[in-house]
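*Asks:* After the structure tokens below, expect a handful of questions from me.
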Amino acid sequence: MRHPDQRKDRACIRPEISRTDTFGKEGVSKGQYFDQHLKYISLNKEFIDFTKKDLSYLKKSNYDKSFLAEVYSIPEITLSKLKEGSAEGLSNVRLTYTSPQTFKTYANALKVMNDFKSGVPRTAYLGIVTFFHENRRVYISPPKNWNGYDVSWN
2 MRHPDQRKDR ACIRPEISRT DTFGKEGVSK GQYFDQHLKY ISLNKEFIDF
52 TKKDLSYLKK SNYDKSFLAE VYSIPEITLS KLKEGSAEGL SNVRLTYTSP
102 QTFKTYANAL KVMNDFKSGV PRTAYLGIVT FFHENRRVYI SPPKNWNGYD
152 VSWN
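Using my numbering, the letters of the sequence shown map in sequence onto residues 2 to 155.
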């Protein structure tokens, strides 16, 4: 889905509730990320009746605008401040990457998958990778004036 020929300008937002469960090392990726990442995925145990919820906020025209406004309103922090605990009191923080090397430095330090495919970081939406680190939501994002994926970033 990250390759332009597959993506065809489509996007997929990552659900907050996991719909899959990984139960074994052997598979398509030959266990590449199992011990580091995949073994921690667990299925939701609470029933949620999505048919009774207004999900119009998830339409791309609504979602993108509010998602970008939210991400870029969050305080930007340095990796060293985040790692040393200087983000006290902040439930959400943002790190900005300007190159594949910067992204990989952040990803490696925070134990997030660091690979690109056709310039798209794994799990990125609009160039932004979202995850939790020590009970804090972290956004690794490109600069606010980002123009799209650079396919040479691999």
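Ideal placement from N, C-alpha and C gives every residue a C-beta, glycine not left out.
1) Taking one C-beta from the stretch 42-51 and one from the stretch 103-110 each time, how about it: are there three or more such pairs within less than 8 angstroms?
2) State the Cα-Cα distance for the pair threonine 1 and glutamine 37, rounded to the nearest angstrom.
3) With 16 as the cutoff for other CB atoms within 10 Å, does phenylalanine 104 come out buried or exposed?
4) Buried or exposed: threonine 52, going by 16 or more other Cβ atoms within 10 Å of its Cβ?
5) DSSP has isoleucine 1 in a bridge; who is on the other side?
6) Where does lysine 66 fall in DSSP's three states?
7) With burial defined as no fewer than 16 other Cβ atoms inside 10 Å of the residue's Cβ, what is the status of tyrosine 58: buried or exposed?
*Replies:* In short, the structure shows the following:
1) no
2) Any answer about residue 1 is impossible in this case: the structure gives the chain only from 2 up to 155.
3) buried
4) exposed
5) Not covered by the structure: residue 1. The range shown for the chain is 2 to 155.
6) helix
7) exposed
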